[in-house]
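Per this note's numbering: the sequence shown = residues 129 to 301.
All C-beta atoms in this analysis are idealised placements derived from N, C-alpha and C, irrespective of residue type, glycine included.
Here is the structure we will look at, set down as structure tokens.
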Amino acid sequence: MTFTPFETARLRLRPQEARDAGFALCIWGDPITGKYLSDPVLDDIDDLNEYMELLRNLSDSTDCYYVIAEDKVTHQPIGTCCAVVKDGGSCWDIGYCIHPTCWRKGYAKEMVNALVQFGAQNGIKTVLADVAAENAGSCGVMRALGFTPTENGAFRRSGSQTEYKNLTFKKEL
Numbered sequence: 129m130t131f132t133p134f135e136t137a138r139l140r141l142r143p144q145e146a147r148d149a150g151f152a153l154c155i156w157g158d159p160i161t162g163k164y165l166s167d168p169v170l171d172d173i174d175d176l177n178e179y180m181e182l183l184r185n186l187s188d189s190t191d192c193y194y195v196i197a198e199d200k201v202t203h204q205p206i207g208t209c210c211a212v213v214k215d216g217g218s219c220w221d222i223g224y225c226i227h228p229t230c231w232r233k234g235y236a237k238e239m240v241n242a243l244v245q246f247g248a249q250n251g252i253k254t255v256l257a258d259v260a261a262e263n264a265g266s267c268g269v270m271r272a273l274g275f276t277p278t279e280n281g282a283f284r285r286s287g288s289q290t291e292y293k294n295l296t297f298k299k300e301l
């Protein structure tokens, strides 16, 4: 889904484009950065060309906003986020990933808060985010932004046998 880019104090959030596929692959497929994502580890991707083509075409999605967050000054990407549109558009299920060089600098809170505000401006009423229970950093981001854990569950990273307990965080707008 496309949208008009928007900005925060330090970031510009824009639609993910074909040119962003390499960046997305690097952080989503990394065993550390993408540890708690459902995307496959880079080494487990059978057909890298096919997967890259999928990443190049994410903006064609009709039910999900795929977003690149970049530094406003350098224009370097620092992370990705997405919002899956649910319940006729009244709910978004969000996820995000930050490049490790940008961890612990407040970018996750800034990016997620901007995404939530963008959703509020577009009429959403509820935001959900599934977070691995052991991912203290992301659980902290959710709590700091006013999300509350509402459900427990589990998920497995694609191509992995490792199962993680997760919390579904919820925020009513």
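Coarse secondary structure for residue i, derived from DSSP in three states
i	result
K237	helix
R232	coil
G162	coil
R140	strand
T221	Here residue 221 turns out to be Asp, not Thr, going by the sequence shown. In the structure shown, D221 sits in a strand (DSSP, three-state: E or B).
Same chain, Cβ closer than 6 Å to residue i, neighbours up to 5 away in sequence not counted
i	result
G108	Examination of residue 108 is not possible in this model, given that the chain is present from 129 through 301 alone.
E279	T296
D258	N294, T296
Residue burial classification, residue i (beta-carbon count within 10 angstroms, cutoff 16)
i	result
R285	buried
A137	exposed
A152	buried
I160	exposed
P133	exposed
D188	exposed
D148	buried
Residue i vs residue j beta-carbon contact at 9 Å
i	j	result
L302	K253	Residue 302 lies beyond the stretch modelled for the chain, which goes from 129 to 301, so this question has no answer here.
G251	S218	yes
K299	V213	no
L141	F246	yes
Cβ-based neighbour list, residue i, same chain, cut-off 7 Å, excluding 5 preceding and 5 following
i	result
C210	C192, Y193, Y194, V195, I222, G223
F131	P143, Y193
Proximity to residue i [Cα-Cα], best of the options
i	options	result
G207	Q245, M129, F283, K237	K237
E198	E145, L273, G247, G274	E145
L273	Y235, E291, A261	Y235
H227	P277, F246, M129, C154	C154
Proximity test, Cβ basis, 9 Å: residue i and chain D
i	result
L301	Looking for chain D here will not work: only one protein chain is present.
Chain-order list of residues whose beta-carbon lies under 8 Å from that of residue i (same chain, five-residue window excluded)
i	result
L165	W156, G223, C225, R285
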